[in-house]
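Following our numbering, the numbering of the sequence shown begins with 257 at its first residue and continues without gaps.
Glycine residues also receive a C-beta, built at the ideal position from the N, C-alpha and C atoms.
Being a predicted model, the structure only gives us computed values, none of them experimental.
Remarks on the structure that follows.
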Amino acid sequence: MTFSLVARSADGHLYGVAVASRFLAAGALVPAAEAQVGAVATQAHANLAYRAQALALLRTGVPAVDVVAGLVAADPGRDDRQLGVVGATGVGATWTGPRCHPWAGGQAGDGWAAQGNILTGPQVIDALRDAWLTNTDLPFPQRLFAALTAGDRAGGDRRGRQSAALLVVQRHGGYAGTGDELVDLRVDDHPDPVAELGRLLGIHTMIFGRPDPATLRDLIGPLAVEVADLLAAAGHPVGPAGLDDALAAWSGLENLEERFVPGRIDPIVLDHLRRSAAG
257 MTFSLVARSA DGHLYGVAVA SRFLAAGALV PAAEAQVGAV ATQAHANLAY
307 RAQALALLRT GVPAVDVVAG LVAADPGRDD RQLGVVGATG VGATWTGPRC
357 HPWAGGQAGD GWAAQGNILT GPQVIDALRD AWLTNTDLPF PQRLFAALTA
407 GDRAGGDRRG RQSAALLVVQ RHGGYAGTGD ELVDLRVDDH PDPVAELGRL
457 LGIHTMIFGR PDPATLRDLI GPLAVEVADL LAAAGHPVGP AGLDDALAAW
507 SGLENLEERF VPGRIDPIVL DHLRRSAAG
């Protein structure tokens with residue numbers, strides 16, 4: 257009742273799962289991932305134990321192909337299951353049980369696996385594959401989302417739309433470096449869940465994305481004066497502690513603290529400050 261993509265970044269630092277379904281809160285059931293280990297999607301008549309079991313096997317160095325083979329061999333309900341796994345190296349692996357509702361199937365390649373059931377046809381998996389393989393210029397979360405969007409546009413779940421999710425892990429990639437969940441977004445019940453997931457990903461990127469050092473601007477001269485004036489207009493005048501202190505306080509209230517850099521300003525923060533001061 258679902259289509260999904262599990263994947264590993266080219267440098268092996270990120271792992272993720274993108275999933276959409278005509279099923280309530282597919283993101284609560286389908287995906288699992290562990291930094292520096294791998295990613296898993298369990299669907300159709302999902303066996304939730306597959307998630308922990310697959311990651312445990314991957315953690316010991318078992319290749320994805322053997323992880324899938326071992327899990328389904330030991331599961332008497334395998335004929336109704338669907339599973340996708342990617343590990344730290346090598347090709348991904350996918351399984352579609354013969355009793356999964358048609359159209360059902362999957363494909364896998366180096367560092368990825370795509371699978372789906374109750375789809376409009378095999379073109380959904382082709383679209384997932386092609387979008388994943390061609391959008392190599394996108395950041396990893398956006399690349400996964402582009403693949404999910406392509407599958408949705410190719411027909412997706414033949415029963416319609418309801419939920420979507422995106423999970424991406426990276427060692428110390430989470431908030432303030434204190435966790436590994438770089439992206440963990442879910443749309444549990446929505447008439448256009450993939451589009452809504454894209455909206456949430458855009459907000460997530462603005463708030464939690466790390467500044468690009470190449471685009472940072474020095475807070476000196478006319479720019480420093482403008483930022484001070486904007487902060488004052490937004491209700492955060494520069495006090496005795498200086499411009500950095502005022503900007504840091506405002507950024508924290510706007511949930512942009514991950515983009516604060518002393519002595520400099522991220523253009524995304526500057527744009528948001530200009531809008532806040534104007535509105």
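DSSP three-state assignment for residue i, whether helix, strand or coil
i      : result
Leu366 : A small correction: the amino acid at residue 366 is Asp; Leu does not occupy that position in the sequence shown. Strand at Asp366.
Glu452 : helix
Ala282 : helix
Gln398 : helix
Asp335 : helix
Trp359 : coil
Val380 : helix
Gly340 : strand
Arg427 : coil
Val483 : helix
Ala421 : strand
Leu475 : coil
Leu304 : coil
Arg442 : strand
Ala371 : It should be noted that the sequence gives Gln, not Ala, for residue 371. Three-state DSSP puts Gln371 in a strand.
Val324 : helix
Gln299 : strand
Arg315 : helix
Ala291 : coil
Arg466 : coil
Ala432 : helix
Ala489 : helix
Thr392 : coil
Gly407 : helix
Thr352 : strand
Gly272 : strand
Arg264 : strand
Supposed close pair residue i, residue j - CB separation, criterion 8 Å
i      : j      : result
Leu270 : Val424 : 6 Å
Asp331 : Leu375 : About 23 Å separates the two Cβ atoms, so there is no contact after all.
Gly367 : Val342 : 6 Å
Leu422 : Ala274 : 5 Å
Leu400 : Ile463 : So it is not a contact: roughly 19 Å between Cβ atoms.
Ala300 : Gly362 : Rounded, the Cβ-Cβ distance is 11 Å, inconsistent with contact.
Leu499 : Leu475 : 6 Å
Leu314 : Val323 : 6 Å
CB contact flag (residue i, residue j, <9 Å)
i      : j      : result
Ala349 : Ala329 : no
Pro449 : Arg473 : no
Ala281 : Ser419 : yes
Thr258 : Ser277 : yes
Val360 : Asn373 : The question names Val, but residue 360 is Ala in the sequence shown. Yes. Within cutoff.
Gly294 : Phe396 : no
Asp382 : Ala410 : yes
His528 : Glu510 : yes
Ala364 : Gly340 : yes
Ala302 : Gly429 : no
Arg355 : Asp336 : yes
Ala369 : Ala263 : yes
Leu479 : Ile524 : no
Thr461 : Gln398 : yes
Arg371 : Gln338 : Per the sequence shown, residue 371 should be read as Gln rather than Arg. It is a contact, given that the beta carbons lie within the stated cut-off.
Ala502 : Val494 : yes
Ala489 : Ala533 : yes
Gly268 : Ala344 : yes
Thr392 : Ala266 : yes
Quick check for students: name the residue ranges of the alpha helix (DSSP H) that lie wholly in the stretch 511-535, counting only runs of 4 or more.
List check, alpha helix (DSSP H) in window: 523-534.
The stretch 457-467 in contact with the stretch 428-443 per 3-pair CB rule at 8 Å:
yes
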